[in-house]
Every structure is written in structure tokens, then in C-alpha cells.
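Colleague: First the structure, then my questions, so here it is.
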């Protein structure tokens, strides 16, 4: 198996900084892959143009993987965050959570007599006796998950997420009043988890115009989407409404 | 895998669990798991909340970067890969069984199964038993490649037997090592070993 000389070194402590450890690990992983692909020994591998081995694109891909984990870099000059808001910590507080999902096919409507305005639809995981009213909170940053893990999720939270495997939110799912998930199907792992906790949940949701902190209602009383519905391509949805005048 | 990575790997699979459960999954004593996880908390690799440990995102990336070092030989092993492919095929059936377990058809509508219809439940536990028979040779193939994986087979069988004995919480309860809990953790373990992503 392809190994770097350092892979067999004993007593090498991990770097003090988690960011350095992750970056170094990704670089070593890449070199290990290239060594394996070369099929040769370390000495001949490094002699045969090791200087050109790692390219600018490789490092861009490594940075992309760090960011995909939800990590955001610290910055010392505010131009960093204004030029690349996707790569650096937000300038103040939790501002990144305010921008909601906006699905191009989300059905939306005007405010009705009952104060409700349609803001989208999703596949209902299981039919409940009543609809659910709560506060929409986007769960997309690690900071927010870690804060909820430590301090608890605010009561009445309807989590709006796009991770159907529940990877990020698994430790706190049971504290949600409801879930709106932008991906997956009712058979996804997240669907199974929310059914198990008896938490109303819409999967495969197409929503637009819901901001963090808005009061929303999800149509948990809608018929659940079934396996046959997916096979036969039948549209069967639960709706999501914004309650007018009660936004954040 | 060294002990530090074993502890981090266990925390990654369990997601948010006490040291004892993390240690048990990867074959470390509770004392050793506490020692390693406390050090990981002190160096910002892991956070502890309410007596349970969760990996920080960057520690997760660093751990992921070392998987090819630990698992490349399994990724290249045709027998192990065949067992893994078998698991993925059966996984689709398992998800359908659990979904059927949780929902009941009442007048054409799917509602939450309140588990009062014992015949309905018994039929699904039978299906789970049949699925387990299919998965046993697969588990044997996986354990042959990586002996540490034996614990998943043991826990799946224990959960199935408890459910068959009438304690239906062992099918899918999240707060215990139910059949679905252990299955999901095994799936997570295998995705990490093979270096692939979950479908949905």
C-alpha cells in the first residue's frame, strides 16, 4: 500500500491547530493517492517531477473541502470577508443564517384572510392530526448546531435544513418541534428519525421567502407521501405558510 | 488505526454519545476513551455537551483525510467490496421495512403506527428476521476484512432477538442500540471505510 515516509514515523504529535491538522492531512492524502497511482516507490516518485505534483487547482480543492465541512476562516482585514463571504466568518453575529432558501419552483401566494401566505410545499413524512405552528430557524452552520447542542434548541423551533442524512443535525433532532428539509425523500434517514421522534417533517421541500425567525405553519395534517407515490410520480404535498405580521 | 483516531472515529459514527458507548463501538475501554476524548476536547477536536462527545468539523476533515491510509487495502479487496455492495443492496430493503414499521395504512392514508395491531407488527418483524438472514453472510465478509466490525453483527442480532421476544422498541428506537440504530451506524462506518457518500 502507498505510504509516505512520515506515515510510519512514531511519536509524531498532531499539530496544535485543528486547521493545520486538517489541511496537512488533506495534502498528505492527496500525495498518498498520487504515489499509489504512480505505482512506483517513494524515491523515484519524488525524483520524477515532485515539484509539479500539486497544482493550484489541488489546493483550491483542499480549501473547498475545508469549507464544505462548515468551517469558515478567521480574518484580520474586513476586505477578506467582503470579497469572499463564503470563506470567512461573518462580520457580525449569525448574519449568514438570515438568508433563506429560495427554490425556483416553490409555489407562493398572497396573504389570505386567515393571515397565512403560501411559501412552499414538501413531502409529508407522516400524517399528523393537526398542522404545526412554530419559528423557522435555518440550521446550516456548525456554530449554530454546536450552540444548540450546548444551550438547547429554543422551544417551538421548526428547523429548516438541507441535509437529508441528518449528519449535521442528528444530535439535536429530537429537540425540534418540526423539520423542513430541502432534500431527500420520506424514506431518507432524516425521515425515519423524525417519524421515530414523532416530529412533523416535510422532505424534498421547495420553499421561498422564509427568513430566519419567521413564524410559519407546516401542513402536518396533509396525507403522507408513499413509496407508490414516488414510483408513480404522483404529486402529494404538505404546504408551508408564513404567518403575516409575525415575522422576525 | 491508532487509539486517538479510533476514539475520534467512534465519536464521528456515534455523532453525540458518552465515552463508554464510543469506546465500546471501536474496542477501547471506557477509561481509555475518556482519556483520549478529554484530550481531544482540550485541543478543540471534540466538544462535550451533557456528558456526550461530538467531533468538531475540522477534526472530522482531518480524520477523513487519514482514512485512505487505514482503509485503502479494504477498498482494493474484492471480497470486502462485494460484501459492501451487498450491504448497500439490502439497505434499500431495510429502509422500506423501517418505514413500513413506523407507518400504518388507514383508509388509504399513511399514519403513524401506534403498534396496537400486533399482527401487523409481527409480520414486519418477520420481514426483519428474513432480512437479517440475508445480511449475515455479508457481515461475515465484512468482519473477515476488518475484525473490529464484529460488534455490529452482535448488536444487530441482539436487537432482532429482543424484538422477536416482544420488546418492539428494539426495532427502531433511537435512544437505544435498536436494529435501525446499529444498522445506521454500520452504514456510516462502511461509507467511511470505502470513502463514499450517502445516497440521500
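Residue numbers (our numbering), protein chains in the order written: chain A, 1 to 248; chain B, 1001 to 1200. Note that beta-carbon positions come from the ideal geometry of N, C-alpha and C, so glycine has one too.
Assuming contact is defined by CB atoms lying nearer than 9 Å, are residue 100 of chain A and residue 212 of chain A in contact in what I supplied?
Modeller: Yes, the pair counts as a contact, with Cβ atoms nearer than the cut-off.
Colleague: Name the residues in the segment 220-247 of chain A whose C-beta lies less than 9 Å from a C-beta of chain B; which are they?
Modeller: Under the 9 Å Cβ criterion, the segment 220-247 of chain A contributes 223, 224, 225, 226, 227.
Colleague: Determine the contact status of residue 1034 of chain B and residue 1023 of chain B, defining contact as a CB-CB distance below 9 Å.
Modeller: Closer than 9 Å, so yes.
Colleague: Using only alpha-carbon positions, find the residue among A/226, A/3, A/82, A/203 that is nearest to residue 240 of chain A.
Modeller: Among A/226, A/3, A/82, A/203, the Cα nearest to that of residue 240 of chain A is on A/203.
Colleague: With a 10 Å radius around its C-beta and 16 neighbouring C-beta atoms as the bar for buried, classify residue 198 of chain A as buried or exposed.
Modeller: Exposed, because fewer than 16 other Cβ atoms sit within 10 Å of the Cβ of residue 198 of chain A.
Colleague: Measure how close the beta-carbons of residue 207 of chain A and residue 106 of chain A come, nearest whole angstrom, since I'm counting them as under 8 Å.
Modeller: Correct: roughly 5 Å between the Cβ atoms.
Colleague: From residue 172 of chain A to residue 1050 of chain B, what distance separates their C-alpha atoms?
Modeller: Between residue 172 of chain A and residue 1050 of chain B, the C-alpha separation is close to 12 Å.
Colleague: Please decide whether residue 138 of chain A counts as near chain B, where near means a Cβ-Cβ distance under 9 Å.
Modeller: Chain B, which has no Cβ nearer than 9 Å to the Cβ of residue 138 of chain A, makes this no.
Colleague: Using the C-alpha atoms, what's the distance from residue 1116 of chain B back to residue 1104 of chain B?
Modeller: Cα to Cα, residue 1104 of chain B sits roughly 11 Å from residue 1116 of chain B.
Colleague: Does the Cβ-Cβ distance between residue 1160 of chain B and residue 1128 of chain B come in under 9 Å?
Modeller: Cβ atoms of residue 1160 of chain B and residue 1128 of chain B: closer than 9 Å.
Colleague: Since residue 134 of chain A sits in a beta bridge, which residues does DSSP pair it with?
Modeller: Residue 134 of chain A is bridged to A/216.
Colleague: Do residue 102 of chain A and residue 209 of chain A come within 9 Å of each other at the CB atom, strictly closer than that value?
Modeller: In contact: residue 209 of chain A and residue 102 of chain A (Cβ atoms closer than 9 Å).
Colleague: Looking only at its own chain, which residues have a Cβ that is under 8 Å from the Cβ of residue 95 of chain A, when we skip the five neighbours before and after it?
Modeller: A caution first: residue 95 of chain A carries a pLDDT of 47, below 50, which makes its placement in the model unreliable, though a value can still be read off. So no residue of the chain qualifies.
Colleague: Whole angstroms are fine: how far does the CA of residue 49 of chain A sit from the CA of residue 1193 of chain B?
Modeller: Cα to Cα, residue 1193 of chain B sits roughly 31 Å from residue 49 of chain A.
Colleague: Can you look up residue 70 of chain A in the DSSP assignment and give me helix, strand or coil?
Modeller: It is coil, neither helix nor strand.
Colleague: In chain order, what are the residue ranges of uninterrupted beta strand (DSSP E) at least 3 long that sit wholly in the segment 1061-1108 of chain B?
Modeller: Segments of the beta strand (DSSP E) lying fully in the segment 1061-1108 of chain B: 1103-1106.
Colleague: Enumerate in chain order the residues of its own chain whose CB-to-CB distance from residue 139 of chain A is below 6 Å, with the five nearest sequence positions on each side excluded.
Modeller: For residue 139 of chain A, where only same-chain residues beyond five positions count, the Cβ hits under 6 Å are 159, 161, 169.
Colleague: Return the residues of the segment 1106-1117 of chain B that lie within a Cβ-Cβ distance of less than 8 Å from chain A, sorted by chain order.
Modeller: Flagged, chain order: 1109, 1110, 1111, 1112.
Colleague: In whole angstroms, what is the alpha-carbon distance linking residue 1073 of chain B and residue 2 of chain A?
Modeller: Straight-line Cα distance between these residues: approximately 10 Å.
Colleague: Does chain A have any CB closer than 9 Å to the CB of residue 1095 of chain B?
Modeller: Closer than 9 Å to some Cβ of chain A, the Cβ of residue 1095 of chain B qualifies, so yes.
Colleague: Can you check whether the CB of residue 192 of chain A is closer than 9 Å to the CB of residue 122 of chain A?
Modeller: Result no, Cβ atoms of residue 122 of chain A and residue 192 of chain A do not sit closer than 9 Å.
Colleague: Thinking C-beta only, is residue 220 of chain A closer than 9 Å to residue 149 of chain A?
Modeller: Contact flag unset, no.
Colleague: Measure from the C-beta of residue 74 of chain A to each C-beta in chain B and report whether the shortest distance is under 9 Å.
Modeller: No, its Cβ sits nowhere closer than 9 Å to a Cβ of chain B.
Colleague: How would you call residue 1179 of chain B, buried or exposed, if buried means at least 16 neighbouring beta carbons within 10 angstroms?
Modeller: That one is buried.
Colleague: For residue 1053 of chain B, which three-state DSSP category applies?
Modeller: Strand, per DSSP.
Colleague: Can you tell me whether residue 1097 of chain B is buried or exposed, with buried defined as 16 or more other CB within 10 angstroms of its CB?
Modeller: The residue is buried, with at least 16 neighbouring Cβ atoms inside 10 Å.
Colleague: Run down chain A in chain order and give the residues with a C-beta less than 8 Å from the C-beta of residue 1047 of chain B.
Modeller: Those within 8 Å of residue 1047 of chain B in chain A are 146, 149, 150.
Colleague: My output table needs one value for residue 57 of chain A: the three-state DSSP class, helix, strand or coil.
Modeller: Of the three classes helix, strand and coil, the one that applies to residue 57 of chain A here is helix, per DSSP.
Colleague: Return the bridge partner residues of residue 249 of chain A from the DSSP annotation.
Modeller: Nothing about residue 249 of chain A can be read from this structure; chain A reaches only from 1 to 248.
Colleague: Secondary structure at residue 150 of chain A, three-state DSSP: helix, strand or coil?
Modeller: Looking at residue 150 of chain A - three-state DSSP - the assignment turns out to be helix.
Colleague: Apart from the five residues on each side of it in sequence, which residues of its chain come closer than 6 Å, Cβ to Cβ, to residue 1048 of chain B?
Modeller: Cβ within range, chain order: 1041.
Colleague: Should residue 1113 of chain B be labelled buried (16 or more other beta-carbon atoms within 10 Å of its own) or exposed?
Modeller: Buried, because 16 or more other Cβ atoms sit within 10 Å of the Cβ of residue 1113 of chain B.
Colleague: So with CB distances below 8 Å, who are the chain A contacts of residue 1059 of chain B?
Modeller: In chain order: 18, 21, 22.
Colleague: Spell out whether any CB of chain A is found under 9 Å from the CB atom of residue 1194 of chain B.
Modeller: By this cut-off, residue 1194 of chain B is not an interface position.
Colleague: Go ahead and pull the three-state DSSP assignment for residue 1167 of chain B.
Modeller: If DSSP states are grouped into helix, strand and coil, residue 1167 of chain B belongs with coil.
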